[in-house]
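Counting from 1 along the sequence shown, just add 9 to a position and that's the residue number in our numbering.
We put the CB at the ideal spot given by N, CA and C, even for glycine.
Computed from a predicted model, the values in this text were never measured in an experiment.
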Amino acid sequence: MDLLEYQGKQLFARHGVPVPSGSPATTVEEAVAAADEIGYPCVVKAQVQIGGRGKAGGIKVAKDRQEAEEHSKAILGMDIKGHTVHEVWIEAASDIAAEYYASIVFDRSAKRPLVMLSTQGGMDIEEVAEKDPTALVRLHVDPLLGFQDFHARRLAFEAGVDADVVRPLGALLAKLYDAFVKEEAMLVEVNPLIVTADRQVAALDAKVTLDDNSLFRHPDNAALRNVAAEDEQERMARERGLTFVKLDGNVGILGNGAGLVMSTLDVVAQAGGSAANFLDAGGGSKAEAITQAVEVILSNPNVTAVLFNIFGGITRCDEVARGLIEAFDQIKPSVPFVVRLDGTNDVEGRKLLADANLPNVHTESTMLGAAKKVVELAG
């Protein structure tokens, strides 16, 4: 789950990471009132879960009340790369002497957190890494050891940080790591991490991605979920308790078990098709769950054919067949379905489908055969 900038800063502040004072606002009146309270100059910042806000005109400095009102009017409702601005963050202006970059991300390949630091902050870090790979210093941290002072000194030395800010920067990185671990984040990024004229350091921006699977342990964080900004299909699937990821293709996919679904995506690609989604109905799927899964898949207008790939273990193939029959009765899909049932009660499941004689439903006995058939029907 991605947080808005100000939500990330509030999370940072709970762990002692220095951040400029600020206040969120959803209306021009609230924004102006916040600016008056914070004082001038201040910064009006669009709150959307996308980068490039400054280049799009979503970050403006207000020298006085009139400019605060003008900027708030211009930014609220603005479209930034397909994201509408519904909220702004009014922040005290900072006296910036230098801009750094810092982030901590969970590196799945190394199975440990990766801390990155660069003295070239304030710009797209991808461009920095591409032009000068040595400008971005990387360090893996043993999760059992945690982030230590010597980690901070090594990062600062290799990145070329000014000597007088090594200590405060190290303290900030340690607090950032504390937030990363305790909030069960997948990413915390500060760009820019600023050095002020009086040689203090602070997080001028905050990009935070939390692990969805840990939110039940963090109800305060779960409450920050911006439902309006989420993909409608993925929200629908979550409400139904389905494991779902939207993709860019036109072949709807349903399977039982993450491994089987991933294999199905691969086989569809091998057959020349492109999956529209990953949907794992889970073990022991009942008819009602299958009906809900069909609703979610068909809510994507790009889907031109659907593949059901079920290997019955805990899941009974006859239950899947009943769910599909029920779905056709309720939803009346207009796109073709290809169904492969194998395993527990597969004979019964195929008989149920044959007796129901559903329109435009094709059965296949192998995964590859099903993939080839669905790609052919998808067009």
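Item	Value
C-alpha distance - Ile2 paired with Asn259, whole-angstrom precision	Limits of the chain in this structure are 10 at one end and 388 at the other, which puts residue 2 out of reach.
Cβ contact (3+ pairs, closer than 8 Å) linking the stretch 104-119 and the stretch 82-94	no
CB contact flag (Ile306, Gly261, <8 Å)	yes
Pair within 8 Å by beta-carbon distance, Gly131 and Pro201	yes
Glu100, DSSP secondary structure in three states	strand
Neighbourhood of Gln129 by C-beta, 6 Å cutoff - its chain only, sequence neighbours within 5 removed	Val137 and Ala144
Rounded Cβ spacing between Val26 and Lys184 (contact assumed at less than 8 Å)	5 Å
Three-state secondary structure assigned by DSSP to Ala206	coil
Rounded straight-line distance, which links the Cα of Gly17 to that of Glu193	13 Å
Enclosing alpha helix (DSSP H) for Tyr186 [first to last residue]	Val175 to Lys191
Separation of Lys140 from Asn354, as counted between CA atoms	58 Å
Met10 (DSSP reduced to helix, strand or coil)	coil
Option nearest Val277 by Cα separation, candidates Ala102, Glu385 and Glu304	Glu385
Length of the line joining the Cα atoms of Lys381 and Met245	29 Å
Strand pairing of Thr93, partner residues [DSSP]	Asp88
Every unbroken beta strand (DSSP E) within the stretch 228-266, with a cutoff of 3 residues, ordered by chain	252-255 and 260-264
Reference Leu219, options Glu198, Thr205, Val204 and Val210, closest by Cα	Glu198
Residue from Thr300, Ile99 and Arg349 with nearest C-alpha to Thr273	Arg349
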